[in-house]
Structures are given as C-alpha cells and as structure tokens.
Amino acid sequence: MQTKSKQALLVTFKLAITIGLLYYLLSGVGLKRLHEILITVPPATILAAIALHIISYGIGGFRWWLLANNAGLALSFKTVLPSYYLGIFFNNFLPTGIGGDVVRILHLRRSQVSTPSLIASTVSDRLIGLSVMFATGLSAFAALKPIFFDNGTRVILFLLALAAVVSIWVFASDWFGALIARLTYRYRHTRVRKSILEIVAVLHDLRNRKWLLMKAVVLSLLIQSLIILCYYVLALGIGIDKSLMLFFAIIPVVIIATTLPISIGGLGVREGALVSLLLLSGVPRDAAVGLSLVYLIVFWCASLPGLAVMVLSSARGQRIDTST
Numbered sequence: 595m596q597t598k599s600k601q602a603l604l605v606t607f608k609l610a611i612t613i614g615l616l617y618y619l620l621s622g623v624g625l626k627r628l629h630e631i632l633i634t635v636p637p638a639t640i641l642a643a644i645a646l647h648i649i650s651y652g653i654g655g656f657r658w659w660l661l662a663n664n665a666g667l668a669l670s671f672k673t674v675l676p677s678y679y680l681g682i683f684f685n686n687f688l689p690t691g692i693g694g695d696v697v698r699i700l701h702l703r704r705s706q707v708s709t710p711s712l713i714a715s716t717v718s719d720r721l722i723g724l725s726v727m728f729a730t731g732l733s734a735f736a737a738l739k740p741i742f743f744d745n746g747t748r749v750i751l752f753l754l755a756l757a758a759v760v761s762i763w764v765f766a767s768d769w770f771g772a773l774i775a776r777l778t779y780r781y782r783h784t785r786v787r788k789s790i791l792e793i794v795a796v797l798h799d800l801r802n803r804k805w806l807l808m809k810a811v812v813l814s815l816l817i818q819s820l821i822i823l824c825y826y827v828l829a830l831g832i833g834i835d836k837s838l839m840l841f842f843a844i845i846p847v848v849i850i851a852t853t854l855p856i857s858i859g860g861l862g863v864r865e866g867a868l869v870s871l872l873l874l875s876g877v878p879r880d881a882a883v884g885l886s887l888v889y890l891i892v893f894w895c896a897s898l899p900g901l902a903v904m905v906l907s908s909a910r911g912q913r914i915d916t917s918t
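595 is the number of the first residue of the sequence shown in our numbering; add one for each residue after it.
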C-alpha cells in the first residue's frame, strides 16, 4: 500500500511538471498561429519522419539484441524486438512508476532467461547510446560558431568530457577487472550483491569485445542520425532554414534532457529544451514551438506499435505488472 502511495505521488508530481512546462511553452504562442504553422507541414513530410523514427527503433532493437546475445542470452531478434518496442511505448505514454527499460526486461524475462544478463545488456545498451549521443553533440558544438556557450561553459563541457573518458578508462582497466573478481568471490554466497557484480562483470567484459563495441557504436550513430534527420525534415517543412549541423548539435542535448525523470515520458522537458536551444540559434518562438509539437505527433505515432505488443501480451495472459 505504501509503495502504491509513493508511486501515485510520483506520478502526480510528474504530471504537474508536465502540465506546467507545456502551459509555459504554449502560453507565449497563440493557438491560431500554431494551427497555421502545423497545417503548412506536408503530410508526406510527416509520414517520412514517422518512417525514419520507426527505422531508428528497429535498429535500436537490433543493437539490444546484439548486446543481449553477448551477455549469454540465446534469443532471436524477433523475440527481442517486441520487448524493446513495449519499453518504448511505456516510456512515452504511460505514467507508471517504472521506466521503459524495466518494462522490456520484465517482458523478455518471460522467455526464461537470466535476469542479471538481461539487466547487463539493457544497461550496456543505454550507456553506449548515451555515450555516443554525448560525443556526437559535443563534436557538433565544437564545429559550430560560439552560438550557445561562453568560454566558461565550454570549459565545463570539456571537463565533463574528460571526466567521462577517465571513468571509461578506469572501468575498462585490468585493475578494475581484478577488483570485480575479488568482490565476486567474497560475496559469492549472497544474492543481491552477487547479481550486481555479475552485471558489472558483463559490462567490464565489453572491453574484450571490440568488434561488438564497434558495431554498437556505429548502430548508435545511425540511430541518432535518423532521429536528427527526422527533426531536420520537419523543420524544413515548417520553414525553419537552419543547417543540419545545428540539429546535430542541439538534438543530442534535447534527448539527454528528456532522460531526466521529472515528467511523463519526457513530455514538456523535450519540448522545452528544443524550443530554448532553437531560440538561442535565432529561430522564432512560434516556429520553434510548432516544430516541437509536430515532432511530438511523429514521436507518438512511431511509438504506437508498442501498444500492439501490449495488447497481444495481455491477450496471451502476459500482463506486465507495473507495481513491481
């Protein structure tokens, strides 16, 4: 009962943040003007953007499948993809107390596979994606004129990048591997600690899977490029005349901001980050808000196959317990 009360409180908090952010964004732009902007986007452009997003999700599922097989899970791609898409749907639509990553783990666990291995593959999938996204955005920012940041902010970004590189170096070191082995032996009779260490060991072993890492990085770059291209195509449809390089700089920031667990499915945070960065680059507020709303429609449409997975799972008696 206490857990459900906490979840209800968390959902209420996220809902309040979401409504507040959306109200702030929309209050500065008239609904009539927004309608005028939205109807200027050709239907073919919207369909193309949806297709780009669906393809990116398919590639994301393929990346997770590769990492899951590396973690020792002998699963077919057609088994993994529905779970991946279900996680996307939960992330984007449902105000549950758990995230989409947990949902895809719970759904795929019904295939009688190792939970620690599932968690390890999911964590590695998330970390590789975020790392490549951070590197992509940082590289694009470096290639642009100093539109967004002063020198002080650039120094902070450089230090963050340096800290990330050092952390990866330490994690991949022989010393850290030996530490994991010692701790695994020490806590071999425990359950939770042993499972956590098994997950860390799988992640550490990725350093020996250079070909796998290379494929995961290339797939991550492809996923991000498709999503950025989706934004760019929609921006052109609205009449925003900005370079593709600008979108390579700002969209990774938008996506990373969306991972903050403070709203329902990132709603409001994603739009707020996009509008703020576009305003800094000289895009009119009404066009920036219009792009954020058109993309939201595309984003939701591309996520809908996850609803079919949920309906089919429920019909087969495979309901996901979101109170876990």
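In this text, a Cβ means the ideal position worked out from N, Cα and C, and glycines have one as well.
Note down the Cα distance separating S599 from F607, rounded to an integer number of angstroms.
About 12 Å.
Is it the case that the Cβ atoms of S718 and L797 are separated by a distance below 7 Å?
Cβ distance < 7 Å, so S718 and L797 count as in contact.
Between the segment 823-832 and the segment 785-801, do at least 3 Cβ pairs fall closer than 8 Å?
Segments in contact, no.
On the three-state DSSP scale, how would you describe R835?
The question names Arg, yet the displayed sequence has Asp at residue 835. Coil, per DSSP.
Y678 vs W658 beta-carbon contact at 7 Å
Cβ distance < 7 Å, so Y678 and W658 count as in contact.
Could you tell me the distance, in whole angstroms, from the CA atom of A662 to the CA atom of A755?
Their backbone Cα atoms lie some 28 Å apart in a straight line.
Using three-state DSSP, classify H701 as helix, strand or coil.
In the structure shown, H701 adopts helical secondary structure according to DSSP, grouped into three states.
Continuous alpha helix (DSSP H) stretch holding Y779: start and end
In this chain, the alpha helix (DSSP H) harbouring Y779 covers 768-780.
Helix, strand or coil at P676 [DSSP, three-state]:
Helix, per DSSP.
Of the choices M839, S650, Y617, whose alpha-carbon is the least far from that of V892?
When C-alpha distances from V892 are compared across M839, S650, Y617, the shortest belongs to S650.
Can you tell me which of I682, G884, Q706 puts its alpha carbon nearest to the alpha carbon of L628?
Out of I682, G884, Q706, G884 has the C-alpha closest to the C-alpha of L628.
Between the CA atoms of G624 and G681 - distance to the nearest angstrom:
Spanning the two alpha carbons is a distance of roughly 35 Å.
Pair within 7 Å by beta-carbon distance, P676 and V903
A contact, by the Cβ cut-off of 7 Å.
If you follow the alpha helix (DSSP H) that H629 is part of, which residue opens it and which one closes it?
First-last of the alpha helix (DSSP H) with H629: 625-632.
Spatial neighbours of G921 in its chain, beta-carbon cut-off 8 Å, leaving aside the 5 residues before and after
Shown here, the chain extends from 595 to 918; a query on residue 921 therefore has no answer.
Are the beta-carbon atoms of L823 and L641 separated by less than 7 Å?
Not in contact: L823 and L641 (Cβ atoms no closer than 7 Å).
Straight-line Cα distance separating A668 from L619
Straight across, the Cα-Cα distance linking L619 with A668 is about 46 Å.
Top-ranked residue by Cα proximity to M839, from S819, I849, I856, T852:
Per the C-alpha coordinates, the member of S819, I849, I856, T852 positioned closest to M839 is S819.
Where V888 falls, given that 16 or more other Cβ within 10 Å makes a residue buried:
Buried, because 16 or more other Cβ atoms sit within 10 Å of the Cβ of V888.
Complete beta strand (DSSP E) runs within the segment 828-907 (minimum length 3 residues, chain order)
Counting whole runs of 3 or more residues, the segment 828-907 contains no beta strand (DSSP E) stretch at all.
Sorted by chain position, which residues of the same chain lie with C-beta nearer than 8 Å to T730's C-beta, five sequence neighbours on each side aside?
For T730, where only same-chain residues beyond five positions count, the Cβ hits under 8 Å are L815, Q818, F842, P846.
C-beta contact flag for I844 and L871 at 7 Å:
Judged by beta-carbon spacing, L871 lies within the 7 Å limit of I844, meaning their Cβ atoms are closer than that value.
Whole-number beta carbon distance between S908 and F687, since they are thought to touch under 8 Å:
No, F687 and S908 are not in contact; Cβ-Cβ is about 15 Å, not under 8 Å.
Going by CA-CA distance only, name the one from I849, V794, D835 that's closest to I821.
Residue nearest to I821 within the set I849, V794, D835 is I849 (criterion: CA-CA distance).
Spatial distance of V794 from I653 (CA atoms):
Cα to Cα, V794 sits roughly 25 Å from I653.
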